[in-house]
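Counting in UniProt numbering, the sequence shown runs from 1 upward without gaps.
Below is one structure, written out as structure tokens, with a few remarks after it.
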Amino acid sequence: MEDTPLIQFGRAERSGPQTIHNDALVITAVLANYEVGRIFIDSGSSADILFGEAYDQMQLGDVFLEKVNTSLYGFAGEVVHPRGMVSLPLIMGRGTTRKTCLLKFLVVDVPSSYNVILDRPTLNTFQAVIFTYHMKIKFPTPGGVGEVQGDPLQSRRCYVDTVCKGQKRNGDDALNRAPPSKKGKAPEGENSEETKIPGKVQPAEELLNIEIILGNPDKTTRIDSHLGKEAKKEIILCLQRNADIFAWTPQDLEGIDPHVITHHLNIDPNCKPVKQKKRHFGPETDKIIQAEINKLRAAGHIEEIQFPEWLSNVVLVSKPGGK
1 MEDTPLIQFG RAERSGPQTI HNDALVITAV LANYEVGRIF IDSGSSADIL
51 FGEAYDQMQL GDVFLEKVNT SLYGFAGEVV HPRGMVSLPL IMGRGTTRKT
101 CLLKFLVVDV PSSYNVILDR PTLNTFQAVI FTYHMKIKFP TPGGVGEVQG
151 DPLQSRRCYV DTVCKGQKRN GDDALNRAPP SKKGKAPEGE NSEETKIPGK
201 VQPAEELLNI EIILGNPDKT TRIDSHLGKE AKKEIILCLQ RNADIFAWTP
251 QDLEGIDPHV ITHHLNIDPN CKPVKQKKRH FGPETDKIIQ AEINKLRAAG
301 HIEEIQFPEW LSNVVLVSKP GGK
């Protein structure tokens, strides 16, 4: 039996990330005389995967594909049916320490950020030892210890691509699962008025009106009508005992203690306000302005003060309804 060369990893040979990382081990190798990047080393997988897009770019054709009845099962139980199986030589390492093994790949037509996934049996075939901290693979060869260095930048790009594709796929699946009426299109042969989506949000449960201040039907709130008798009684009593914290009108808003928060304008107090030239509006516009001012004064939002100079003009903005 030939002596197997000693495989070891030293601190000095580390060329990957110089800090603690969680990057996947992604390498570049020669597959069927093509230099292929984005090869993911997955020691938990039991099948070598060659993704359909990468296989098509290699222009090998379907003539080399063998039919298979095997199905692949993903992490969430989803089933993938391979296009076929192909036997291809994989070369890892360089020079006198390179190693070639003939592997069987399942070709699958699913979107992926990787071109190839190498499984646990392949690592055993190469007698490879992986060290993810150093992002490196080492394996014995007749000429010594061969090695392949992982690419941390490529690994992170694959991770970002995988996340982006997963988010897009989840969004598309959610749209495809929605019933036709949710997509804004009524099913054929049905009355579109009956399938129209409500224009406002409906409560998920029936609500019960209660008086916060007894004898005043205008000051009410609502609670769940399905509460138990004792729970309903306790909630109503709690609300009525704390009726003073409810604000029914703008005048009930007493403001916030300045010790809690104070409004501050980020301006230089020595700056003189910009003075606008006073504008005169037509009679109809004056009526609208006066009506709006009266409403704001009645609500307590504004109050009248006197300035020695005219500062700015009123600007009218029409509402969506045209008012």
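Every residue, glycine too, gets a C-beta built ideally from N, C-alpha and C.
Would you kindly check if the distance between the Cβ of residue j and the Cβ of residue i is under 9 Å?
i: L102; j: S87; result: yes
i: residue 336; j: V110; result: Since the displayed the chain opens at 1 and closes at 323, residue 336 lies outside it and no answer follows.
i: Y114; j: C158; result: yes
i: I261; j: I236; result: no
i: V36; j: A29; result: yes
i: L208; j: D224; result: yes
i: F40; j: L118; result: yes
i: I27; j: Q127; result: no
i: R94; j: G61; result: no
i: E23; j: S155; result: In the sequence as presented, Glu is not what sits at residue 23; that position holds Asp. In this structure, S155 lies closer than 9 Å to D23 by Cβ.
i: T97; j: L90; result: no
i: L316; j: I289; result: yes
Taking the beta carbon of residue i as the centre, do at least 16 other beta carbons fall within 10 Å, making it buried, or is it exposed?
i: S318; result: exposed
i: R222; result: exposed
i: L25; result: buried
i: E304; result: exposed
i: I245; result: exposed
Who are the Cβ neighbours of residue i in its own chain at under 6 Å, not counting the five residues just before and after it?
i: Q251; result: G300
i: H81; result: S71
i: L50; result: F105, V107, V116
i: N313; result: Q276, R279
i: D161; result: S113
i: P140; result: T4, P5, Q127
Please list the terminal residues of the continuous alpha helix (DSSP H) segment that includes residue i.
i: N294; result: 283 to 299
i: L237; result: 229 to 241
Which residue comes first and which comes last in the beta strand (DSSP E) that contains residue i?
i: G52; result: That residue, G52, is in no beta strand (DSSP E); its alpha helix (DSSP H) goes 52 to 57.
i: I39; result: 34 to 41
i: L214; result: L214 -> no beta strand (DSSP E), and no H or E assigned at all.
i: L60; result: From DSSP, L60 is part of no beta strand (DSSP E); its letter is neither H nor E.
i: A29; result: 26 to 31
i: I223; result: 220 to 224
Within a Cβ cutoff of 7 Å, which residues of the same chain sit near residue i, ignoring the five residues on either side of it in sequence?
i: K67; result: G84
Does any C-beta atom of chain B lie closer than 9 Å to the C-beta of residue i?
i: D56; result: Among the chains in the structure shown there is no chain B, since it carries only a single protein chain.
Tell me which residues share the same chain as residue i and place their Cβ nearer than 8 Å to its Cβ, disregarding the 5 neighbours each side in the sequence.
i: G144; result: P5, T96, T97
List in chain order: all unbroken beta strand (DSSP E) runs of 3+ residues lying wholly within the segment 64 to 151.
Whole beta strand (DSSP E) segments, 3+ residues: 84 to 92, 99 to 108, 116 to 118, 129 to 131, 136 to 141, 144 to 149.
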